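Reading through the structure tokens given below for one structure.
2 protein chains.
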Amino acid sequence: MASSPRNPVRPSQGGQARAKVGAGGRRAGTLGRPPVMADVAQLAGVSHQTVSRVLNDHPNVRQDTREKVLDAIRQLAYRPNAAARALVTRRTHTLGVIGIDSPLYGPAMMLNGIERAAQHGYFVVIASLPALDRRSMLDTVDRFLGHSVEGIIVIAPQTSAVAALSHVPADLPLIAVGCETRAPLTSVAVDNADGAGRATRYLLSLGHETVHHVAGPASWLDARERVGGWRAALHGAGAREPDVVAGDWSARSGYEAGQELARMDDVTAVFCGNDTMALGLVRALTEHGRRVPDDVSVVGFDDVPEAGYFLPPLTTVRQDFGELGRQALGALVDRIAAGPGMGTHLKVTPELTLRASAAPPPGAARPRRGPRT
Amino acid sequence: MASSPRNPVRPSQGGQARAKVGAGGRRAGTLGRPPVMADVAQLAGVSHQTVSRVLNDHPNVRQDTREKVLDAIRQLAYRPNAAARALVTRRTHTLGVIGIDSPLYGPAMMLNGIERAAQHGYFVVIASLPALDRRSMLDTVDRFLGHSVEGIIVIAPQTSAVAALSHVPADLPLIAVGCETRAPLTSVAVDNADGAGRATRYLLSLGHETVHHVAGPASWLDARERVGGWRAALHGAGAREPDVVAGDWSARSGYEAGQELARMDDVTAVFCGNDTMALGLVRALTEHGRRVPDDVSVVGFDDVPEAGYFLPPLTTVRQDFGELGRQALGALVDRIAAGPGMGTHLKVTPELTLRASAAPPPGAARPRRGPRT
DNA sequence: TTTGATGATGTTATCGTTCACATTTTCGGC
DNA sequence: GCCGAAAATGTGAACGATAACATCATCAAA
Numbered sequence: 004m005a006s007s008p009r010n011p012v013r014p015s016q017g018g019q020a021r022a023k024v025g026a027g028g029r030r031a032g033t034l035g036r037p038p039v040m041a042d043v044a045q046l047a048g049v050s051h052q053t054v055s056r057v058l059n060d061h062p063n064v065r066q067d068t069r070e071k072v073l074d075a076i077r078q079l080a081y082r083p084n085a086a087a088r089a090l091v092t093r094r095t096h097t098l099g100v101i102g103i104d105s106p107l108y109g110p111a112m113m114l115n116g117i118e119r120a121a122q123h124g125y126f127v128v129i130a131s132l133p134a135l136d137r138r139s140m141l142d143t144v145d146r147f148l149g150h151s152v153e154g155i156i157v158i159a160p161q162t163s164a165v166a167a168l169s170h171v172p173a174d175l176p177l178i179a180v181g182c183e184t185r186a187p188l189t190s191v192a193v194d195n196a197d198g199a200g201r202a203t204r205y206l207l208s209l210g211h212e213t214v215h216h217v218a219g220p221a222s223w224l225d226a227r228e229r230v231g232g233w234r235a236a237l238h239g240a241g242a243r244e245p246d247v248v249a250g251d252w253s254a255r256s257g258y259e260a261g262q263e264l265a266r267m268d269d270v271t272a273v274f275c276g277n278d279t280m281a282l283g284l285v286r287a288l289t290e291h292g293r294r295v296p297d298d299v300s301v302v303g304f305d306d307v308p309e310a311g312y313f314l315p316p317l318t319t320v321r322q323d324f325g326e327l328g329r330q331a332l333g334a335l336v337d338r339i340a341a342g343p344g345m346g347t348h349l350k351v352t353p354e355l356t357l358r359a360s361a362a363p364p365p366g367a368a369r370p371r372r373g374p375r376t
Numbered sequence: 004m005a006s007s008p009r010n011p012v013r014p015s016q017g018g019q020a021r022a023k024v025g026a027g028g029r030r031a032g033t034l035g036r037p038p039v040m041a042d043v044a045q046l047a048g049v050s051h052q053t054v055s056r057v058l059n060d061h062p063n064v065r066q067d068t069r070e071k072v073l074d075a076i077r078q079l080a081y082r083p084n085a086a087a088r089a090l091v092t093r094r095t096h097t098l099g100v101i102g103i104d105s106p107l108y109g110p111a112m113m114l115n116g117i118e119r120a121a122q123h124g125y126f127v128v129i130a131s132l133p134a135l136d137r138r139s140m141l142d143t144v145d146r147f148l149g150h151s152v153e154g155i156i157v158i159a160p161q162t163s164a165v166a167a168l169s170h171v172p173a174d175l176p177l178i179a180v181g182c183e184t185r186a187p188l189t190s191v192a193v194d195n196a197d198g199a200g201r202a203t204r205y206l207l208s209l210g211h212e213t214v215h216h217v218a219g220p221a222s223w224l225d226a227r228e229r230v231g232g233w234r235a236a237l238h239g240a241g242a243r244e245p246d247v248v249a250g251d252w253s254a255r256s257g258y259e260a261g262q263e264l265a266r267m268d269d270v271t272a273v274f275c276g277n278d279t280m281a282l283g284l285v286r287a288l289t290e291h292g293r294r295v296p297d298d299v300s301v302v303g304f305d306d307v308p309e310a311g312y313f314l315p316p317l318t319t320v321r322q323d324f325g326e327l328g329r330q331a332l333g334a335l336v337d338r339i340a341a342g343p344g345m346g347t348h349l350k351v352t353p354e355l356t357l358r359a360s361a362a363p364p365p366g367a368a369r370p371r372r373g374p375r376t
């Protein structure tokens with residue numbers, strides 16, 4: 004073997020320099036250091052390139068050679084070095100997810116859905132920010148870029164996040180989840196307006212004259228879209244459009260909304276922006292002697308795990324976070340492969356889950372129309 | 004400049020081969036490809052090594068040289084290549100977190116706490132497993148190792164997880180969170196027994212004769228430890244030790260437990276394994292005409308965000324997940340730096356949060372002793 | 001046989017950093 | 001103004017994989 008300019012008998016490799024590393028390193032085996040491709044090649048009696056071919060299952064490798072190599076790999080407990088591989092292939096199989104650091108159910112489940120979808124094929128690096136302002140958003144994008152992620156998914160339910168997104172470099176594969184964004188960006192979101200419409204129309208179909216709404220904070224896009232869907236459904240049915248009662252997603256705000264609504268005798272149906280507020284609302288109504296669903300029907304949004312165990316079990320709008328995650332991942336993979344596009348807006352349709360918290364209004368013999376799902 | 008064996012005028016680099024990459028690549032700038040250290044060096048009129056020194060703020064660099072280099076970096080929007088760096092330094096600044104794919108509050112917050120603690124200094128790759136069995140656990144460890152994580156934190160609240168942990172290679176820096184493990188492993192956990200003890204002693208101090216307990220599933224270590232702490236506190240006070248009522252963390256199981264306990268007249272105090280079960284329990288008690296806290300006192304565990312808005316606001320044991328994350332990260336960093344040790348078991352002490360769901364038993368004029376925190 | 005195509009394998013360059021060491025510059029003391 | 005130490009900078013050689021190309025074997029058709 005001619006000594007290449009790179010390997011002049013490999014002087015510093017003779018156990019000294021690397022033994023130090025090996026001492027603290029993983030899987031010492033019979034060598035004093037983690038095995039590399041050359042070790043496998045030597046043991047199998049082939050060249051390192053053949054090992055590489057086996058590893059990337061290249062077709063042109065004889066079966067018995069392949070097996071010799073695989074044996075050597077097992078024997079040495081060899082594992083390819085991700086950094087070396089990434090250096091030459093320019094692929095890291097890693098994507099970053101930027102989320103909001105909040106104990107709310109929706110955002111947490113979106114992260115979960117994305118992570119589950121990515122499990123096979125990508126590593127998911129997460130960053131939860133206390134606030135989705137421009138500064139921390141761009142800092143995080145930068146951090147991720149420094150780590151060579153191939154793309155970024157940002158869970159951006161707040162209006163501030165959308166604003167921040169317009170400042171990221173256009174050539175970065177980025178998908179926004181949970182909000183509809185402006186043109187060049189692709190977004191995936193649950194169709195909140197549709198879900199709110201379904202809930203509202205369902206209540207109307209039970210015979211209620213109108214439906215009141217307890218909304219989430221206006222800084223959240225989901226909250227706004229649900230208000231829009233609710234209002235559109237009322238309008239479409241020619242029903243009276245009551246004022247929105249403002250909440251902040253918390254059970255307390257639902258409770259307070261409930262105290263307010265309980266005083267109004269004509270309230271027979273309430274659509275809540277999320278399940279937690281519905282919980283508080285039901286509490287308040289019950290305290291004021293208004294039974295759910297006999298006197299007042301309540302529908303929530305989210306379908307948290309406890310919703311079925313509320314008293315009464317809560318009829319609510321279920322969001323398919325698994326599907327959301329899959330769509331987001333699919334869009335990101337497409338974007339990585341195909342390069343910048345014009346940006347599409349994907350929607351995941353939610354479903355109404357019927358339980359026991361909604362019924363025809365008091366005095367109504369039977370529903371005016373059959374329930375629509 | 005003499006043409007080194009490595010850069011013989013760099014033939015394949017003259018715009019063709021790499022221009023292709025540049026077209027789809029990031030930050031084209033004036034070059035047709037992402038800038039590398041050599042580009043910065045050339046623009047700044049120094050060697051690549053000097054650029055490297057500036058980047059790693061090595062002391063022996065003249066101030067004006069440093070500034071020239073930094074200018075060039077800014078001008079080219081240069082960003083060091085993480086893979087190349089990792090290849091030579093053998094450090095990825097990445098750690099893996101294995102968690103359980105469940106909507107439960109505790110595990111979710113542990114992940115959150117770890118991620119927050121790591122934010123500065125480490126990238127966090129996550130994997131949520133549907134079940135913490137040996138197979139999927141080892142697969143995930145392997146996946147992470149293939150990605151060259153420097154260490155792994157596993158959120159292991161279930162007994163099955165602990166069993167699986169004994170099969171990971173001993174030289175892998177690994178910290179278990181949420182469970183106490185066998186000797187060679189280091190673990191960090193909330194002191195569940197202590198928390199349960201505090202809750203129980205508090206109820207006893209209010210004058211209750213004994214305290215009943217609704218426990219989580221026995222497959223969860225937290226559940227077992229809380230049972231242990233509760234029982235020890237009763238024993239220490241010489242109080243009667245009632246049977247455990249079995250639950251499964253869900254509100255429904257709490258509700259069912261409540262129906263059972265409501266029938267027993269001598270029940271005046273209940274310590275619940277978590278807040279969600281407490282919610283169901285209170286519901287059931289109320290339905291059976293037993294007021295909380297006037298007739299029955301209830302204390303939960305977790306301090307979920309809604310706990311303060313329950314009716315009545317729930318007295319509960321708060322776990323400091325931020326501290327837990329910090330401790331876990333600290334332990335992991337120590338372990339990475341110092342190599343295998345004998346394994347320590349760190350405990351984070353929980354705190355009793357007093358609200359309104361616990362009071363002296365009916366008929367008692369005043370507490371026997373002042374409350375202990 | 002000889003030939004050409006194709007399959008199987010080996011050789012060398014390359015990715016973009018940091019490390020080890022060599023070289024040049026700077027500067028205080030004589 | 002010279003000298004030597006220390007500071008500042010430069011020069012190759014790693015790191016461990018894949019890519020590109022070269023070479024050797026094999027085999028069917030001429």
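Respectively, the protein sequence lines represent chains L and V. Quick note: the first sequence uses my numbering, first residue 4, plus one each step. Quick note: the second sequence uses my numbering, first residue 4, plus one each step. Glycine included, C-beta positions come from ideal geometry on N, C-alpha and C. Computed from a predicted model, the values in this text were never measured in an experiment.
Distance, Cα to Cα, residue i vs residue j?
{"i": "L:Ser222", "j": "V:Arg137", "result": "44 Å"}
{"i": "L:Ala41", "j": "L:His51", "result": "5 Å"}
{"i": "V:Tyr312", "j": "V:Ala130", "result": "33 Å"}
{"i": "V:Ala359", "j": "L:Trp233", "result": "37 Å"}
{"i": "V:Phe274", "j": "V:Ala167", "result": "31 Å"}
{"i": "L:Thr3", "j": "L:Met280", "result": "Examination of residue 3 of chain L is not possible in this model, given that chain L is present from 4 through 376 alone."}
{"i": "V:Phe126", "j": "L:Met267", "result": "53 Å"}
{"i": "V:Val64", "j": "V:Ala47", "result": "14 Å"}
{"i": "V:Pro83", "j": "V:Gly124", "result": "16 Å"}
{"i": "V:Pro176", "j": "V:Gly333", "result": "12 Å"}
{"i": "L:Glu309", "j": "L:Leu132", "result": "27 Å"}
{"i": "V:Leu114", "j": "L:Ala111", "result": "11 Å"}
{"i": "L:Lys350", "j": "L:Asp194", "result": "5 Å"}
Is there a Cβ of chain L sitting closer than 9 Å to that of residue i, yes or no?
{"i": "V:His150", "result": "yes"}
{"i": "V:Ala254", "result": "yes"}
{"i": "V:Ala120", "result": "no"}
{"i": "V:Pro220", "result": "no"}
{"i": "V:Gly303", "result": "no"}
{"i": "V:Val336", "result": "no"}
{"i": "V:Tyr205", "result": "no"}
{"i": "V:Glu70", "result": "no"}
{"i": "V:Glu263", "result": "no"}
With distance defined between alpha-carbon atoms, name the residue in the options nearest to residue i.
{"i": "L:Ile156", "options": "L:Arg321, L:His216, L:Val128 and L:Arg234", "result": "L:Val128"}
{"i": "V:Ala361", "options": "V:Thr352, V:Leu349, V:Asp323 and V:Val299", "result": "V:Val299"}
{"i": "L:Gly241", "options": "L:Arg338, L:Pro133, L:Val214 and L:Ser163", "result": "L:Val214"}
{"i": "L:Val205", "options": "L:Leu264, L:Pro187 and L:Val320", "result": "This sequence places Tyr at residue 205 of chain L; Val is not what is there. Closest by alpha carbon: L:Val320."}
{"i": "V:Ala80", "options": "L:Arg94, L:Ala111 and L:Asp145", "result": "L:Asp145"}
{"i": "V:Gly181", "options": "V:Gln161, V:Ala199 and V:Val171", "result": "V:Gln161"}
{"i": "L:Ala254", "options": "L:His238, L:Thr95 and L:Gly219", "result": "L:Gly219"}
{"i": "V:Pro296", "options": "V:Arg65, V:Ser105, V:Pro365 and V:Asp67", "result": "V:Pro365"}
{"i": "L:Gly109", "options": "L:Val100, L:Trp252, L:Gln66 and L:Arg36", "result": "L:Trp252"}
{"i": "L:Gly292", "options": "L:Asp305, L:Ala265, L:Gly303 and L:Leu282", "result": "L:Ala265"}
{"i": "L:Val285", "options": "L:Ala44, L:Leu314 and L:Asp305", "result": "L:Leu314"}
{"i": "V:Ile378", "options": "V:Asp337, V:Leu355, V:Ala134 and V:His61", "result": "What the structure shows of chain V is the stretch from 4 to 376, and residue 378 of chain V is not part of that stretch, so it cannot be assessed."}
Is the Cβ of residue i closer than 9 Å to any Cβ of chain V?
{"i": "L:Asn277", "result": "no"}
{"i": "L:Ser131", "result": "yes"}
{"i": "L:Leu284", "result": "no"}
{"i": "L:Gly311", "result": "yes"}
{"i": "L:Thr95", "result": "yes"}
{"i": "L:Tyr258", "result": "yes"}
Quickly, what does DSSP pair residue i with across the bridge? List them, please.
{"i": "L:Gly283", "result": "Beta-bridge pairing links L:Gly283 to no other residue."}
{"i": "L:Gln161", "result": "L:Trp223"}
- Mind the definition here: the region 109 to 125 of chain V touches the region 141 to 151 of chain V only if three or more C-beta pairs lie below 8 Å; say whether that holds. no
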